[in-house]
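Chains as they are written, first to last, in the numbering used here: chain A, 2 to 435; chain B, 6 to 298. Idealized CB from N, CA, C, for every residue including glycine. Reviewing the structure listed below.
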Amino acid sequence: MKHTIIGTVVTGMVAAFATSAIAATEIQWWHAMGGANGERVDKIAADFNASQSDYKIVPVNKGNYTETMTAAIAAFRAHEQPAIVQVFEVGTATMMGAKGAIYPVDKLMSDMGEPFDKSDYLPAVISYYQMPDGQLLSMPFNSSTPVLWYNADALAAAGADVPKSWDDVKSASEKLLANGMKCGFSFGWQSWVMVENYSAWHNISMGTKENGFAGFDTELTFNNDAVEGRLQAIADMQKDGLFKYGGRRGDSLPLFTSGECGMWMNSSAYYGSIKKQAEFKFGQTMLPLDTGVASAPQNSIIGGATLWVLAGKSEAEYKGTAKFLNYLSSPEVQAWWHQETGYVPITTAAYELSKSQGFYDSNPGTDTAIAQLSLNTPTPASRGIRFGNFVQIRDIINEEMEALWAGDKTAKEAMDASVERGNALLRKFERSVK
Amino acid sequence: MLKRVHFPTSYLPYLLVAPQIIITLVFFIWPASQAMYQSLLIEDAFGLSTEFVWFENFQVLFEDPKYLESFIRTMWFSGAVALLSMGMAIILAGFADRVIRGAMVYRTLLIWPYAVAPVLAGALWVFMFNPTLGIISYFLEGFGIDWNHYLNKSQAMGLVIMAAAWKQVAYNFLFYLAAMQSIPKSVIEAAAIDGAGPLKRFWTIVFPLISPTTFFLIVINAVYAFFDTFGIIHAVTQGGPAGSTNILVYKVYNDGFVGLDLGGSAAQSVILMILVIAMTVVQFRFVERKVEY
Numbered sequence: 002m003k004h005t006i007i008g009t010v011v012t013g014m015v016a017a018f019a020t021s022a023i024a025a026t027e028i029q030w031w032h033a034m035g036g037a038n039g040e041r042v043d044k045i046a047a048d049f050n051a052s053q054s055d056y057k058i059v060p061v062n063k064g065n066y067t068e069t070m071t072a073a074i075a076a077f078r079a080h081e082q083p084a085i086v087q088v089f090e091v092g093t094a095t096m097m098g099a100k101g102a103i104y105p106v107d108k109l110m111s112d113m114g115e116p117f118d119k120s121d122y123l124p125a126v127i128s129y130y131q132m133p134d135g136q137l138l139s140m141p142f143n144s145s146t147p148v149l150w151y152n153a154d155a156l157a158a159a160g161a162d163v164p165k166s167w168d169d170v171k172s173a174s175e176k177l178l179a180n181g182m183k184c185g186f187s188f189g190w191q192s193w194v195m196v197e198n199y200s201a202w203h204n205i206s207m208g209t210k211e212n213g214f215a216g217f218d219t220e221l222t223f224n225n226d227a228v229e230g231r232l233q234a235i236a237d238m239q240k241d242g243l244f245k246y247g248g249r250r251g252d253s254l255p256l257f258t259s260g261e262c263g264m265w266m267n268s269s270a271y272y273g274s275i276k277k278q279a280e281f282k283f284g285q286t287m288l289p290l291d292t293g294v295a296s297a298p299q300n301s302i303i304g305g306a307t308l309w310v311l312a313g314k315s316e317a318e319y320k321g322t323a324k325f326l327n328y329l330s331s332p333e334v335q336a337w338w339h340q341e342t343g344y345v346p347i348t349t350a351a352y353e354l355s356k357s358q359g360f361y362d363s364n365p366g367t368d369t370a371i372a373q374l375s376l377n378t379p380t381p382a383s384r385g386i387r388f389g390n391f392v393q394i395r396d397i398i399n400e401e402m403e404a405l406w407a408g409d410k411t412a413k414e415a416m417d418a419s420v421e422r423g424n425a426l427l428r429k430f431e432r433s434v435k
Numbered sequence: 006m007l008k009r010v011h012f013p014t015s016y017l018p019y020l021l022v023a024p025q026i027i028i029t030l031v032f033f034i035w036p037a038s039q040a041m042y043q044s045l046l047i048e049d050a051f052g053l054s055t056e057f058v059w060f061e062n063f064q065v066l067f068e069d070p071k072y073l074e075s076f077i078r079t080m081w082f083s084g085a086v087a088l089l090s091m092g093m094a095i096i097l098a099g100f101a102d103r104v105i106r107g108a109m110v111y112r113t114l115l116i117w118p119y120a121v122a123p124v125l126a127g128a129l130w131v132f133m134f135n136p137t138l139g140i141i142s143y144f145l146e147g148f149g150i151d152w153n154h155y156l157n158k159s160q161a162m163g164l165v166i167m168a169a170a171w172k173q174v175a176y177n178f179l180f181y182l183a184a185m186q187s188i189p190k191s192v193i194e195a196a197a198i199d200g201a202g203p204l205k206r207f208w209t210i211v212f213p214l215i216s217p218t219t220f221f222l223i224v225i226n227a228v229y230a231f232f233d234t235f236g237i238i239h240a241v242t243q244g245g246p247a248g249s250t251n252i253l254v255y256k257v258y259n260d261g262f263v264g265l266d267l268g269g270s271a272a273q274s275v276i277l278m279i280l281v282i283a284m285t286v287v288q289f290r291f292v293e294r295k296v297e298y
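Here is the structure:
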């Protein structure tokens, strides 16, 4: 009996050695995509692995965005980092600050001799991750932008049009309530939707130094009349029951899909979930415009994540990484990913391909996100944001906004406090990356 | 001349305590000293640039009104959790002590919640109290209560206290039941013959006699509420709304692992470590001595 066990172990070990001897270079890819999207990530990796035999991409799910980033950082400190890690957009400044830890994608591609043309990529997507000199730091992968989701059945029943401005949102909400609905609208990811994107949409800076793109010595400035006025108006609407706060991130999704609220502002990437859960006709349209603040919308900014290449790996791994990143941004892969998930395609070619495949005709509204992102050439105020410690600053904005919705503070008090507390964290970050 | 007896030195005792010493060194002393060292640094997340700042991280903490708020909130939370879970447990144990038929089934059912992991316990309460989909919030609406713990601070706090206390009831129940069963039956019977009713017997005989258990449980529950409730908070409120359930241990996690402020987070965990040491000292020095057995 003992002999058989030893025999099995030895055979197993020999087999393991044998396979590793002929195996391709393994490249670790840590990502934060769970559930259905995790399976899609696995499929992309498997397809790439099947397309050639020199490299093997190994996707590993490390939990949510925060956990994935923390895991990669901890691994880097222990010299066990993966070659590729998916980091969400608010972690950009932290990754950038770690100059010795990252391998800019631009540099990787040219070092490895892979063809790479930045003009293939959608400007609104790529500009978020570029240095002021145009160098691209990380490869966009899953990007989305907030849109206005609406319950088409409910709006039609109440005799309301799909809103274009905040005044429309208010009147549509009033009509919905008059028609027996419990609430007019809600939103999630409130700092991203109501502060970051609201500012970009109306071409207002959120902070100095081009929203942090031009240097770490930036200061927050979003305690302006426009943002405060809008938030105060929403707080007032809340008193009449037109608006209902449903929690952070996507916690408020059930408010929309259960038919309690008629409109919901959140990421275009909720397409899959809404399609699965909503038992009514729904649609998506562009974010509402504050007509008192701007006469036309600028463009919205992205959320989601990019793939960062970490330093300290072997030449062969970098070669495979570069090949994989190229495969990932090919029109076929991108179009498939976009149509399956609701994330925006990162290249113009993928967008054109989806168009020619007739995806937007058979799924009306699914091009809202791209249309919003590429509405105008991004300005310094609408290109994106790049603040250090922004994960914590977003938490602060969340906290202060919750104080506003709870009636403890006015919009002005909440935004002033957010800016003051956020600036303290910016100074701390500036010091830590020196 | 003084006679000295020399025993041959034996390595056996050292060998026998070695595993314990090694475990303490590896799993407590080493990480704790790392945390203490880290608390004196300001460092970027990747550890590429480090600045030694002495006690600045602590100074920042004590000047931060949010930290002091969190401190007071934690005290409040711990007190409420301990009171609620111990109160429930003592009532249940009082009844279980008198049950004769089916006692085992009754006890086993009461001990069940203890086997539930904190995160799962939290998830359970989240489902029941979800403002839109939850069954309990649906019933509450029938009573005219608009339940929304995403927005209402006291509802959020109430929910995490309930969830945390519910999970600890089983543990307290076990100790109380054991304590009550160790009270000599003759004492209680004598009181019964003298005409004392069940309530009177409980307050004048049972309650004083189980006071050592009560004091022991106060310390255990306080430590539980301070540290082990992380999973519940993480699943139910994540510290919100507006930081109203952000207790100290959650803040350590949030600042360190979400915010990547390692120095500040380490400083907080050092403070927590001092607190738990202080509580243990209180337990051994004062409580155990003063309580009459």
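List the residues that DSSP assigns as beta-bridge partners of residue i.
| i | result |
| --- | --- |
| GLU400 of chain A | DSSP, once it has assigned bridges, lists no residue as partnering GLU400 of chain A. |
| LEU137 of chain A | A:GLN131 |
| TRP150 of chain A | A:TRP265, A:GLN285 |
| LYS57 of chain A | A:GLU27 |
| LEU1 of chain A | Outside the shown range of chain A (2 to 435) lies residue 1 of chain A, about which nothing can therefore be said. |
| GLU56 of chain B | B:ILE47 |
| VAL345 of chain A | A:SER144 |
| LEU253 of chain B | Its beta-bridge partners do not exist; DSSP assigns none. |
| HIS32 of chain A | A:ASN62 |
| GLY208 of chain A | A:LEU221 |
| LEU267 of chain B | DSSP lists no partner for LEU267 of chain B. |
Just to confirm my understanding: we take residue i, look at its own chain, exclude 5 residues before and 5 after, and list those with CB closer than 7 Å. What are they?
| i | result |
| --- | --- |
| ILE223 of chain B | ALA87 |
| MET1 of chain A | Residue 1 of chain A cannot be examined here, being either before or after the span of chain A that is shown, 2 to 435. |
| GLU341 of chain A | ARG41 |
| TRP59 of chain B | LEU45 |
| TYR229 of chain B | GLN173 |
| LEU178 of chain A | GLY185, GLY242, LEU243 |
| ALA94 of chain B | VAL174, ASN177, PHE178, TYR181 |
| TRP193 of chain A | PRO147, GLY304 |
| ILE89 of chain B | Strictly speaking, residue 89 of chain B in this sequence is Leu, with Ile absent from that position. Contacts found: ILE166, ALA170. |
| ALA236 of chain A | LEU405, TRP406, ALA412 |
Can you tell me which of the options puts its alpha carbon nearest to the alpha carbon of residue i?
| i | options | result |
| --- | --- | --- |
| PRO60 of chain A | A:ALA72, A:PHE77, A:ALA79, A:PRO83 | A:PRO83 |
| THR234 of chain B | B:LEU214, B:PHE220, B:VAL257 | B:VAL257 |
| GLY98 of chain A | A:ILE85, A:PHE214, A:PRO116, A:ASP396 | A:PHE214 |
| PRO70 of chain B | A:ALA418, A:ARG432, A:PHE430, A:SER433 | A:ALA418 |
| GLU40 of chain A | A:LYS282, A:ASP218, A:TRP338 | A:TRP338 |
| ILE397 of chain A | B:PHE289, B:VAL254, B:TYR229, B:GLY248 | B:GLY248 |
| TYR155 of chain B | A:GLY247, A:VAL194, A:GLY185, A:ASN62 | A:GLY247 |
| TYR271 of chain A | A:VAL86, A:SER187, A:TRP150 | A:TRP150 |
| GLU1 of chain A | A:THR378, A:THR380, A:GLY385, A:GLY423 | With chain A represented from 2 up to 435, any question about residue 1 of chain A goes unanswered, as that position is not in the structure. |
| GLY127 of chain B | B:GLN25, B:ALA170, B:SER90 | B:ALA170 |
| SER206 of chain A | A:VAL148, A:LYS165, A:ASN300 | A:ASN300 |
| GLU316 of chain A | A:MET110, A:LYS44, A:THR93 | A:MET110 |
| SER274 of chain B | B:THR29, B:PRO18, B:PRO36 | B:PRO36 |
| VAL163 of chain A | A:ILE303, A:LYS356, A:ALA336, A:MET264 | A:MET264 |
| ARG103 of chain B | B:ILE188, B:GLY92, B:GLY52 | B:ILE188 |
| LEU254 of chain A | B:THR137, B:SER216, B:ALA240 | B:THR137 |
| TRP81 of chain B | B:PHE291, B:THR113, B:ASN251 | B:ASN251 |
Going along the chain, which residues of its own chain have a beta-carbon closer than 6 Å to the beta-carbon of residue i, five neighbours each way excluded?
| i | result |
| --- | --- |
| ALA104 of chain A | According to the sequence as given, residue 104 of chain A is Tyr; it is not Ala. Excluding sequence neighbours, TYR104 of chain A sits near VAL310, ALA312. |
| GLU115 of chain A | ALA323, ASN327 |
| MET14 of chain A | Caution applies to MET14 of chain A, whose pLDDT of 47 falls short of 50 and renders its modelled position unreliable; the model cannot decide the point. |
| PHE49 of chain A | ILE58, PHE325, TYR328 |
Starting from residue i and walking both ways along the beta strand (DSSP E), at which residues does that stretch end?
| i | result |
| --- | --- |
| ASN267 of chain A | 262 to 268 |
| SER187 of chain A | 184 to 188 |
Note down, in chain order, each residue of its chain lying with its Cβ closer than 8 Å to the Cβ of residue i, except the 5 sequence neighbours on either side.
| i | result |
| --- | --- |
| GLU431 of chain A | PHE217, ASP218, GLY389 |
Alpha helix (DSSP H) containing residue i: first to last residue?
| i | result |
| --- | --- |
| ASP226 of chain A | 226 to 240 |
| LEU138 of chain B | Per DSSP, LEU138 of chain B belongs to no alpha helix (DSSP H) and is neither H nor E. |
| LYS108 of chain A | 106 to 112 |
| ASP409 of chain A | ASP409 of chain A -> no alpha helix (DSSP H), and no H or E assigned at all. |
| TYR19 of chain B | 17 to 29 |
| ASP362 of chain A | 360 to 363 |
Inset, instruction - List in chain order: all unbroken alpha helix (DSSP H) runs of 4+ residues lying wholly within the stretch 149 to 216 of chain B. - result: 158 to 186, 190 to 198, 203 to 206
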